[in-house]
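Heads up: the sequence shown is residues 1462 to 2047, going by this note's numbering. First the structure, in the form of structure tokens, and then the observations on it.
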Amino acid sequence: MTRSTSRTAASKGVPFSSNPVLATKLPAWRSRVVLFLIFAAFLTLAGRALWLQGMSTEFLQKQGASRYARTLELPATRGKITDRNGQVLASSIPVRAVWAIPEDVLESPPEKLQALAKLLDMPERELRRKLDSDRTFVYLKRQVELDTVDKILKLGIAGIDTRKEYKRYYPEGEVMAHIVGFTNVEDKGQEGMELAYQKTLVGVTGSRRVIKDRLGRIVEDIESVREPHDGKDLALSIDSKIQYIAFTALKEAVEANKAKAGGIVVLDAKTGEVLALANLPTYNPNNRSVLTGAQLRNRVITDTFEPGSTMKPFSVGLGLETKRVTPNTMIQTAPGKMTIGTATIGDAHASGLLTVSQVIQKSSNIGTAKIALQMEPHEMWDMFTSIGLGQQPKINFPGAVAGRVRPYKSWRPIEQATMSYGHGISVSLLQLVHAYTVFARDGDLIPITFQRTTDQPIGERIFSPTTARQMRGMLEMAAGPAGSAPRAQVPGYRVAGKTGTAYKIEKGQYVRKYVSSFVGFAPVSDPRIIIAVMIDEPGAGKHYGGQVAAPVFATVTANALRSMNVAPDSSVTNIIIPAGSEQENM
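Have a look at this one:
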């Protein structure tokens, strides 16, 4: 067919399909199937749209909100810690946490990153290491001072933002370190009162919902979900003036005696409140970059030692209480040695015939052992446990230890004898000062506390008032010119107390290293304070408690009583130190 002929056919209305080559024969059902599939597709889309817009609305809104809405934590201010007079010992100051979106920050010019690293006080390579992350959020530094934060924000680095938080500040530094403790970067208590009263101090954080753009900037506040509630303030029993006096005197003694460590605790004899507690070595809670375990140890509460002769008053007091002896009962201590079974104990200086009062004054091991052996083991054990030995102190303070007093059924006579003068048992300095409240008071043991209180404590009767008064007289003799601690005397005040010197135990064996101690109270006419001092491993040539620990007691007592406006009860102003009087039996 020619081109002209086909044009003619088309113009005459011949259908295109009349060509037998192009003609197709399709079944009728095929068009129906296509129509059905198109209709089904529309139904599916309509169903999906109904599902998404009707049934899944809440889910989709949450998914969308998760991409732009954020819940921000509103930190609560941690409660302040104050001393008994309201002086602040720990407070929270506002700081900022600097965080970043790594991808955005890394696009900044190198000179800006260098400036940022310098302001954050970190090497640039450390900064880049933190930014080399797949995360969309990283902390660069926590607890950054506000003036530094202002300088960082002025750099104008995209992807850098800050978050409000708080940092603890301790005005008294190392002086109060072992009492107050410290918090970590998350503002959680780690030591001391910060740890003991974490739940009280921390408060309750709040939160709010905001909308942020892709750079992390807040563009709109949605709602306040929960308001923050600040923590409660904590008033301690500590007196800052007495604390400073005690810390300074202890530090001077540790340095002068070239000692390994030391501890001191001051107790209010009327209320049982802890007025001061100090340890050396110590640390600055505001800067803990070089903190060691030795600095962190609260030795007054966590360390135990053999108390030595400071236990003699309790053994003699039990003898008085059970009517086995009186203050004037004569005890033969000659020839200065005593064999019990296969073991021999002795006095460094034989004293011959002594009254019970002189046994305490001269610190005689033989005299104390002879009094103790008149009693049944269970009587001594009951007395030891009644004053808190071998039991964890009932104080809300972390790390308090129980010490060690073995069950009386396993005691041999030699062990009963040595325990009577403080060997074979272990105590903490806090337990020791607590036990001495029975002598500073009228024989009753009152609870001790680190919180300020105005309530009169209820005590537990240990000794009768008569026994307590008799022991106060003996302890005053022990701290007098003819006793083992004349250096404990204080001009204008009558003092009483007992020295202790004991060998240390290493790997189950006694070694020639000493723990020197002194426990005493003043004024004797109406005791107001009880002080216990411990010097660990003095190394300057002196090791007796009367030489090393008693002078610390005297210094602290004199200044503390004056600080408390306690009236003098003695006209003695000239302190006499007889030659060799500080030596004692170990």
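Note that the Cβ used here is the ideal one computed from N, Cα and C, for glycine as well. This structure is a prediction, so every number in the text was calculated from the model and none was measured.
Among the options, which residue has its Cα nearest to the Cα of residue i?
| i | options | result |
| --- | --- | --- |
| ARG1758 | ASN1826, GLY1642 and THR1666 | GLY1642 |
| ALA1707 | VAL1495, LEU1728 and ASN1747 | LEU1728 |
| VAL1862 | GLN1853, TYR1869, PRO1868 and SER1552 | GLN1853 |
| TYR1954 | MET1637, MET1995 and THR2016 | THR2016 |
| ASN1857 | ALA1896, GLU1652, ALA1638 and THR1765 | GLU1652 |
| PRO1952 | GLY1634, ASP1565, TYR1600 and THR2034 | THR2034 |
| HIS2051 | SER1871, ARG1509, ASP1582 and ALA1811 | Past the edges of the chain, shown from 1462 to 2047, lies residue 2051, and the structure says nothing about it. |
| ASN1826 | ALA1809, TYR1975 and PRO1488 | ALA1809 |
| PRO1563 | GLN1704, LEU1574, TYR2005 and VAL1599 | VAL1599 |
| ARG1749 | GLN1704, VAL1646 and GLU1585 | VAL1646 |
| ALA1940 | LYS1831, VAL1817, ASP1903 and ILE1821 | ILE1821 |
| GLY1851 | TYR1744, ILE1875, GLN1892 and ASP1916 | GLN1892 |
| PRO1536 | VAL1556, ASP1544, HIS1884 and GLY1547 | VAL1556 |
| THR1787 | ASP1905, GLU1606 and ILE1832 | ILE1832 |
| VAL1549 | THR1910, PRO1488, LEU1614 and PRO1632 | PRO1632 |
| LYS1731 | ALA1993, GLY2000, GLY1944 and ALA1983 | ALA1983 |
| SER1701 | VAL1972, MET1799, ARG1586 and LEU1738 | LEU1738 |
| ALA1865 | SER1889, SER1847, ALA1957 and LEU1662 | For the sequence presented, residue 1865 should be read as Arg rather than Ala. Taking only the C-alpha atoms, the option nearest ARG1865 is SER1889. |
| ALA1804 | PRO1874, LYS1823, VAL1494 and LEU1752 | PRO1874 |
| ILE1966 | HIS1884, PRO1908, GLY1944 and ALA2021 | HIS1884 |
| GLU1921 | MET1791, GLU1937, ARG1539 and GLY1904 | GLY1904 |
| VAL2009 | GLU1713, ALA1510, GLN1659 and ARG1589 | GLU1713 |
What does the Cβ neighbour count give for residue i, buried or exposed, with the cut at 16 atoms within 10 Å?
| i | result |
| --- | --- |
| ARG1464 | Because the pLDDT of ARG1464 is 49, which lies under 50, any placement of that residue in the model is unreliable, and the number read from its coordinates should be weighed accordingly. Label assigned to ARG1464: exposed. |
| TRP1490 | exposed |
| THR1763 | buried |
| ILE1886 | buried |
| ASN1718 | buried |
| GLY1849 | buried |
| ARG1843 | Checking the displayed sequence, the identity of residue 1843 turns out to be Asp instead of Arg. Exposed, because fewer than 16 other Cβ atoms sit within 10 Å of the Cβ of ASP1843. |
| SER2032 | exposed |
| LEU1496 | exposed |
| ASP1622 | buried |
| THR1505 | exposed |
| ALA1949 | buried |
| ASN2026 | exposed |
| ALA1471 | No answer about ALA1471 holds up, because its pLDDT of 49 lies below 50 and its placement is not dependable. |
| MET1654 | buried |
| PRO1571 | exposed |
| GLY2002 | exposed |
| THR1846 | exposed |
| LYS1784 | exposed |
| ILE1542 | buried |
| ILE2038 | exposed |
What are the boundary residues of the beta strand (DSSP E) that residue i is part of?
| i | result |
| --- | --- |
| ALA1722 | 1722 to 1729 |
| PRO1555 | 1549 to 1561 |
| ARG1973 | 1970 to 1983 |
| VAL2033 | Element bounds for VAL2033: n/a, residue is neither H nor E. |
| LYS1959 | 1957 to 1967 |
| MET1791 | 1791 to 1793 |
| MET1995 | 1990 to 1997 |
| GLY1883 | Looking at the DSSP string, GLY1883 is not in any beta strand (DSSP E), and its letter there is neither H nor E. |
| THR1816 | 1814 to 1816 |
| GLY1650 | 1650 to 1652 |
| THR1805 | 1804 to 1807 |
| MET1799 | 1798 to 1801 |
Hey, quick one: how far does the alpha helix (DSSP H) through residue i stretch, first residue to last?
| i | result |
| --- | --- |
| SER1701 | 1701 to 1717 |
| ASN1740 | Note, ASN1740: premise wrong, no alpha helix (DSSP H); beta strand (DSSP E) at 1735 to 1741. |
| GLU1688 | Note, GLU1688: premise wrong, no alpha helix (DSSP H); not H, not E. |
| LEU1893 | 1890 to 1896 |
| LYS1773 | 1773 to 1782 |
| VAL2013 | 2011 to 2024 |
| HIS1839 | 1838 to 1847 |
| ILE1923 | No alpha helix (DSSP H) contains ILE1923, which DSSP labels as neither H nor E. |
| VAL1761 | 1760 to 1763 |
| VAL1663 | 1659 to 1663 |
| GLN1756 | 1754 to 1757 |
| GLY1828 | 1826 to 1833 |
I believe residue i touches residue j by the beta-carbon criterion, under 8 Å. Please report the beta-carbon distance rounded to the nearest angstrom.
| i | j | result |
| --- | --- | --- |
| ILE1990 | LEU1711 | With a Cβ gap of about 15 Å, ILE1990 and LEU1711 do not count as contacting. |
| VAL1894 | VAL1980 | 6 Å |
| GLU1782 | ALA1963 | Not a contact, Cβ separation roughly 25 Å. |
| TYR1869 | MET1841 | 7 Å |
| ARG1624 | ALA1558 | 4 Å |
| ALA1946 | VAL1726 | Rounded, the Cβ-Cβ distance is 18 Å, inconsistent with contact. |
| GLY1634 | ASP1997 | Actually they do not touch by this definition, with Cβ atoms about 23 Å apart. |
Could you tell me whether any non-hydrogen atom of the ligand COA is closer than 7 Å to the CB of residue i?
| i | result |
| --- | --- |
| GLU1967 | What this structure holds is no ligand at all, so the ligand COA is not there to describe. |
- Ranges of the alpha helix (DSSP H) found wholly within the stretch 1578 to 1647, counting only runs of at least 4: Runs found: 1585 to 1592, 1607 to 1615 and 1638 to 1641.
- Counting only runs that start and end within the stretch 1489 to 1519, where is the alpha helix (DSSP H) found for 4 or more residues in a row? 1489 to 1511
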